[in-house]
Amino acid sequence: MSEFEPKIVAFVCNWCTYAGADLTGTSRIKYAANVKIIRFPCTGRIDFMLLMKAFQNGADGIIVSGCHPNDCHYSSGNFHAKRRWMAFRELLDYMGVDVERITFSWVSAAEGARWAEIVNTTTEKLRKLGPYTNYQNLVKSGIEEEL
Amino acid sequence: MELERKLIKKASLEKLYQKLQANGNKIFAPIIKDGKTEFHYNPSYAEVTYDHIQTIQSLKNTVFPKIENLVRFTTDRNGTEVTEVDLAKVPSLVLWGAHPCDAAGFKALKSIFMWDYKDEYFNSRMNKMVVIGLSCYKCDDNCFCTSVGLNPGATNGSDILLTKLSTGDYLAEIITEKGKEIVNAAAELFEAAPAEAKEGNLAQVKQQFSHEKVTKNLAGAFEHPFWVENSLRCIGCGACAFVCPACACFDIQDETKGKTGKRLRCWDSCGFGLFTIHTSGHNPREVQSQRWRQRIMHKFSYMPERNESLGCIGCGRCSRACPVDMNILEQLIALEKIQ
Amino acid sequence: MEVEKITEEAPEVKTFRLKFKNHEDAEKFEFKAGQFGEYSVMGEGESTFCIASAPTRKGYIECTFRKAGRVTGALANLEEGETIGFRGPYGNIFPIDEWKGKNLLYIAGGIALPPMRCVIWNTLDLRENYKDITIIYGARTVNDLVYKQELKEWDERPDVKLVTTVDPGGETPDWKGEVGFVPTVLEKIAPSSKDTIAIVCGPPIMIKYTFPVLEKLGFTEDTIFTTLENRMKCGFGKCGRCNVGKYFVCKDGPVFTYKQLKELPDEY
Amino acid sequence: MESIRKRAKELLDSKQVQVIIGYENGTSNKVRASFIKDSAQVDKLIYDERCTQNLALYLVKHEVKHLGKMGIVATIPAMRTINMLISEEQVKPENIVVLGIGEDGKLLDFPDLTVMESFLQKANIELTAKDKEAIEKLKKMTTQEKFDYWSNALETCFKCYACRSACPLCYCTRCAVECNQPQWIPVQASKNGNYEWHMLRAMHLSGRCVSCGDCGRACPLDIPVHLLTMHMAEESKRLFGVDSGLSMKMESVLSNYKLDDKDNFIL
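Residue numbers (this note's numbering), protein chains in the order written: chain W, 41 to 187; chain D, -5 to 333; chain L, 3 to 270; chain H, 7 to 273.
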């Protein structure tokens, strides 16, 4: 049996991480192909329910990444995001969502290599954790009596 | 058919239960779990309880599930393919130990779903269901079945009605052909009718108002200040509607996962503020008093007139579930007296 | 059904001409003026609109809608040739047979012309059955007037009197119609109520102000018709959404006379 | 009890308020909210240990607001809620008079709301022993156990939204769960839909919840949904040092930030 390949959704900000990921490509650094990148104007724009939407639709892991503190294009978006993730992570943990499956990071436009490393380590971690069956079962079991 | 009376011994009851289960029926029976009595699918007989006054939830889930799949569809480049669900796959179900009010609740639902257009989803579930009722020997002060034309030993709606006798054995009243089939298939478990009458073994539920009078009063009470005065504390949740055995309002929602999806029917409540809101923002029932009025009016005025059935069976579930004590019995008693 | 043709009527307002994919369905399908249907985009949901084309025009149906929510948004994104779901027809009808030999006065506001377009064309196609036909139609701005092409056509027809109006402030420099709210314009024109049926449709607020004007003009309660649109889901009197008093708009309506409306509780 | 009635009568007679929101006897030995508009009716008002409902809920209810200036019998959680509602500009301080009830069940004298504010600085909200125990137990569970616990507990939820309706801070006229473009959460009461609905509710209340526990009490199915929001209240205290409802000028936790917010998980 071939090794399990996790599906990863990355929510990244337009100004830093997306540019960083672009740099990874233009620098010809190879990294895991498991990740699907979704570009946002800012990490501050990423609603916490979007993460759940990713899990709902079958993601095994998530990366959320934006500008380093003080580098936000809109000056404070990432600080807001940080608070949100701090609170949301606690809630997820309390409700039994595996927070190990979500990687939060700051990656600047100059850190192409760092982006590759983050994607690679996350992919590696998720390969070990396996598919997120818990959540997929939750999504599946909807109706008591399917006809 | 003519009502038939028989006796079933306490020990035989278990055999009947097991026989029904062995015959491939799904059984829905009340059990106590985490201190709450609720109906569950296929419990073991040892778990089944006969001593509850009332479960929190009604039994309408059996014929009007909280989510019903109406159709399936797949969408791709070639267009949309719609597949109907297979109603022949509805399993045969035995409702074990439903109180007479719950059994009558199905009649109220039927008057909505089978009025005019016949709802096949409801109908196929209804046809596949047998109701083995259980008379009430106790009640609480939220019960008011006798005020809405029922009683703790009413046979209306059950296929077989059991009543616990002083000996601990049960009187079985066989009411319908469906009930008779069950008895015939397990004839060895039933004995000749006992001499003891069931009346002495029933709870005493005092009649507290006349529903005819309420219906009559409601006809002219639309603009009455009663509604505003008595609904200020109503918080507009749907608890009353969702535990009600006769509430049938629903919503239709689509759920998609990738290319496939389902169109679902889910419970809804006229108590919700957004229930009637138009796209334009205009809302015919803008404030809670109007929505509370709708709830009572629908059950006690519109349904008797249009559907020839009351929309209430006096189980008192809504009063027990209400977080702010909107007691329906209290309000009906008051409505009987308003001018 | 297949979307055969899409017409842009006004900003965010489109008309779909729909054709049955299956010939048998097309043969079986019959409807009358006033009825509505449930149009659906699988995955998004269903929406209720009146059938806007006349039953006298066979082979297709039309619906007109404004892009407002999830379903209409999805409908608006469709292109010609794509498929939508349709259930219907539901509801009651305009008794056009009973109106034979009378004058007809149509009064519509905004996006409420589509539900009336059906009966307008229906009666125009059977023109010899009726005497004078007057149409009063108002919208917020000139741009919001729907069926601009047909308005022109009606205007040019000698056998139809058309009055269009826009709300004050909504006119353009070259606007030739009236300026003012529909009830005001109606009062100004003051059509005769003799032997006349009035059919009113519009936003609830317009309807509420138009009725008194009609009564002042001498219309009696049972010569005024309207078509209501409450929020609906099922279309056949179960889901409880369009319940007004003991009636269901989807079942006993959408066409009501003013007389019936007066007996209804004010919940529409 | 007498002091509440006396104060209510004063307020109504002097026309300082048009309605008193308090507690009265209900059916089956329950108590319920009471709206007294006429001082002759003040004897209906009661207060005892059964009076737990957070009446601040009615301060934002359209029909009640409509009655005019409101006097409200408020327990400590309700007073905190009032602070939150003032902070979030849902209630105008000049439109309400608070008849505060202390921990001992006695009427507190608040000449104005600033006195209430300073009283609240010293008054703690104690979670019940049962809730504390349940939260502790949950915290000790493994991720899998927690997931099983919540997905099973929430499975029975039929989305009557009593938790939302009973919460004085859930005052939005259109809740996120009703927004369908995009559809954030499955509307139907499926396992997934329920789980995410309660997650969304807890998140939207984090840093705002005052731990009154009314959501849990309102649940007709006895699902302990209040443990979710209470946990978030505790966490916003621990992470951001914000104890909600202590003043009339609370800053919203999630729409603010500090440069020195400490996290330990962002790479």
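We treat Cβ as the ideally placed atom computed from N, Cα and C, and that holds for glycine.
Neighbour list for residue i in chain H, Cβ cutoff strictly below 8 Å
i        : result
L/Arg72  : Asn186, Gln187, Gln189
D/Asn321 : Gly32, Thr33, Ser34
Chain H residues whose Cβ lies nearer than 9 Å to that of residue i
i        : result
W/Leu131 : Met205, Ala208, Met209, Ser212, Leu234, His237, Met238, Glu241
W/Lys122 : Tyr263, Asp267, Asp269, Ile272
Three-way DSSP call (helix, strand, coil) for residue i in this model
i        : result
D/His34  : strand
L/Phe38  : strand
D/Lys3   : coil
D/Asn349 : Lying outside -5 to 333, the shown extent of chain D, residue 349 of chain D is not represented and no answer is given.
D/Ala40  : helix
W/Arg123 : helix
W/Met41  : With a pLDDT of 47 at W/Met41, under the threshold of 50, the predicted position of this residue should be treated as unreliable, and no value is reported.
D/Gln201 : coil
W/Arg202 : A query on residue 202 of chain W cannot be resolved here, the shown segment of chain W reaching from 41 to 187 and no further.
L/Trp101 : coil
H/Trp156 : helix
L/Asn94  : coil
D/Trp261 : strand
H/Phe271 : coil
W/Ser115 : coil
D/Ser313 : helix
W/Tyr58  : helix
D/Gln247 : strand
L/Asp224 : helix
D/Ala180 : coil
L/Leu20  : strand
Local Cβ density within 10 Å of residue i, reported as buried at 16 or more and exposed below that
i        : result
H/Gly106 : buried
L/Lys248 : buried
H/Asn198 : buried
D/Leu53  : buried
D/Asp262 : buried
D/Ile126 : buried
W/Arg68  : exposed
D/Asn211 : buried
D/Ala233 : buried
H/Gln22  : exposed
D/His341 : Here chain D has residues from -5 to 333 only, and residue 341 of chain D is not among them.
H/Asn35  : exposed
Closer than 7 Å at the beta carbon, the chain D residues around residue i
i        : result
H/Ala168 : Cys231, Ala233, Pro317
Contacts of residue i in chain W (Cβ-Cβ under 7 Å)
i        : result
H/Ser157 : Leu178
Contacts that residue i makes with chain D (C-beta to C-beta distance below 8 Å)
i        : result
L/Phe238 : Asp110, Tyr111
*Scan the stretch 140 to 170 of chain W for residues whose Cβ lies nearer than 7 Å to a Cβ of chain H and list them as they occur along the chain.*
Result list: Thr143, Phe144, Ser145, Trp146, Ile158.
*What residues in the stretch 31 to 61 of chain H have a beta carbon less than 9 Å from any beta carbon of chain D?*
Considering only beta carbons, the part of the stretch 31 to 61 of chain H lying closer than 9 Å to chain D consists of Gly32, Thr33, Ser34, Lys36, Val37, Arg38, Ala39, Ser40, Phe41, Gln59, in chain order.
*Which residues, taken in chain order from the stretch 237 to 255 of chain D, show a beta carbon closer than 8 Å to some beta carbon of chain L?*
Ala242, Cys243, Phe244, Asp245, Ile246, Gln247, Asp248, Thr250, Gly255
*Between the stretch 6 to 13 of chain L and the stretch 141 to 150 of chain L, do three or more beta carbon pairs fall short of 8 Å?*
yes
*Contact the stretch 240 to 247 of chain L vs the stretch 29 to 45 of chain L: 3+ CB pairs below 8 Å*: no
*Please confirm if the stretch 157 to 177 of chain H is in contact with the stretch 41 to 59 of chain W, defined as three or more CB-CB distances below 8 Å between the two stretches.*
no
*contact_flag[the stretch 248 to 260 of chain L, the stretch 218 to 232 of chain L] where n(CB pairs < 8 Å) is 3 or more*: They touch, by the three-pair rule.
*Can you find at least 3 beta carbon pairs, one from the stretch 257 to 269 of chain D and one from the stretch 282 to 296 of chain D, that sit closer than 8 Å?*
The way I'd put it, the stretch 257 to 269 of chain D does touch the stretch 282 to 296 of chain D; three or more beta-carbon pairs between them come closer than 8 Å.
_Which residues of the stretch 74 to 99 of chain L have a Cβ closer than 9 Å to any Cβ of chain H? Give them in chain order._
Gly75
*Could you tell me whether the stretch 96 to 104 of chain W touches the stretch 135 to 150 of chain W, where touching means 3 or more Cβ pairs closer than 8 Å?*
yes
*Are there three or more Cβ pairs, one per stretch, closer than 8 Å when the stretch 133 to 149 of chain H is compared with the stretch 57 to 71 of chain H?*
By the Cβ rule, the stretch 133 to 149 of chain H does not count as touching the stretch 57 to 71 of chain H, because fewer than three pairs are nearer than 8 Å.
*Report the residues of the stretch 131 to 157 of chain H with a CB closer than 8 Å to any CB of chain D, ordered along the chain.*
none
*the stretch 12 to 27 of chain D / the stretch 74 to 89 of chain D touching (three or more Cβ pairs under 8 Å)*: yes
_Given 8 Å, three or more beta-carbon pairs between the stretch 248 to 261 of chain D and the stretch 43 to 54 of chain H_ = no
*Take every Cβ of the stretch 203 to 222 of chain H, pair it with every Cβ of the stretch 179 to 189 of chain H, and state whether three or more of those distances are shorter than 8 Å.*
yes
*Decide yes or no for the touch test of the stretch 75 to 91 of chain W against the stretch -1 to 10 of chain D: beta carbon pairs closer than 8 Å, at least 3 of them.*
no
*In chain order, what residues of the stretch 34 to 61 of chain L put their CB closer than 7 Å to some CB of chain D?*
Met44, Gly45, Glu46, Gly47, Glu48
*Could you list the residues in the stretch 98 to 121 of chain L with a C-beta less than 8 Å from some C-beta on chain D, going in chain order?*
Of all residues in the stretch 98 to 121 of chain L, none has a Cβ within less than 8 Å of some Cβ in chain D.
*Is the stretch 134 to 151 of chain D touching the stretch 300 to 312 of chain D in the sense that three or more CB pairs, one from each, lie closer than 8 Å?*
yes
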